[in-house]
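Numbering (full-length UniProt numbering), first residue to last: 1 to 161.
The structure appears below as structure tokens.
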């Protein structure tokens, strides 16, 4: 009578697991390479940072303004990070705080007209930088990548924490 072999994943299963890890690492590497280029260009061309750009982008998407807690959630950073960025942008006249008439303990943050002008300039260049960084892919490849990433995002969205 033979004894059962130790349960080990088949070679195909190990290859699939390894392939999944390689995909994750490649996604992370590409993200980091693009982000590094954007950080450098924002610093060089606008004396700005990616977190500042991201905060201003959220305010641009919400011209009615956002509460600090909403900014924190959208940017996926702590309230302290948002407060520090907002304070600096307010000192520079790029954002302003408005009391919330419904809640005296909170306020809404909005871009000032000057903040909007500066963000619009940065956003136009930012878009061109991204276009250039992804120029190594043709239109069909970008569409295919979007389709695959949409499927991955939908799958990940169904998973619980």
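By construction, the Cβ of each residue, glycine as well, lies at the ideal position given by its N, Cα and C atoms.
The structure presented is a predicted model; accordingly, all values stated were derived computationally and were not measured.
Where residue i falls, given that 16 or more other Cβ within 10 Å makes a residue buried
{"i": "residue 102", "result": "exposed"}
{"i": "residue 146", "result": "exposed"}
{"i": "residue 44", "result": "exposed"}
{"i": "residue 41", "result": "buried"}
{"i": "residue 84", "result": "exposed"}
{"i": "residue 115", "result": "buried"}
{"i": "residue 94", "result": "buried"}
{"i": "residue 82", "result": "buried"}
{"i": "residue 71", "result": "buried"}
{"i": "residue 59", "result": "buried"}
{"i": "residue 111", "result": "buried"}
Residue span of the beta strand (DSSP E) that contains residue i, given as start and end
{"i": "residue 96", "result": "95-100"}
Opening and closing residue of the alpha helix (DSSP H) in which residue i lies
{"i": "residue 82", "result": "79-91"}
{"i": "residue 111", "result": "That residue, residue 111, is in no alpha helix (DSSP H); its beta strand (DSSP E) goes 103-111."}
{"i": "residue 135", "result": "No alpha helix (DSSP H) holds residue 135; DSSP gives it neither H nor E."}
{"i": "residue 60", "result": "50-61"}
Residues that DSSP places opposite residue i in a beta bridge
{"i": "residue 66", "result": "109"}
Any C-beta of chain C under 8 Å from that of residue i
{"i": "residue 130", "result": "The structure shown has no chain C; it contains just one protein chain."}
Inter-stretch contact (C-beta, 8 Å, three-pair minimum) for the segment 88-97 and the segment 52-69: yes
Count the CB pairs spanning the segment 112-121 and the segment 23-41 that are closer than 8 Å, and state whether there are at least three. no
Between the segment 66-73 and the segment 122-136, are three or more C-beta pairs nearer than 8 Å? no
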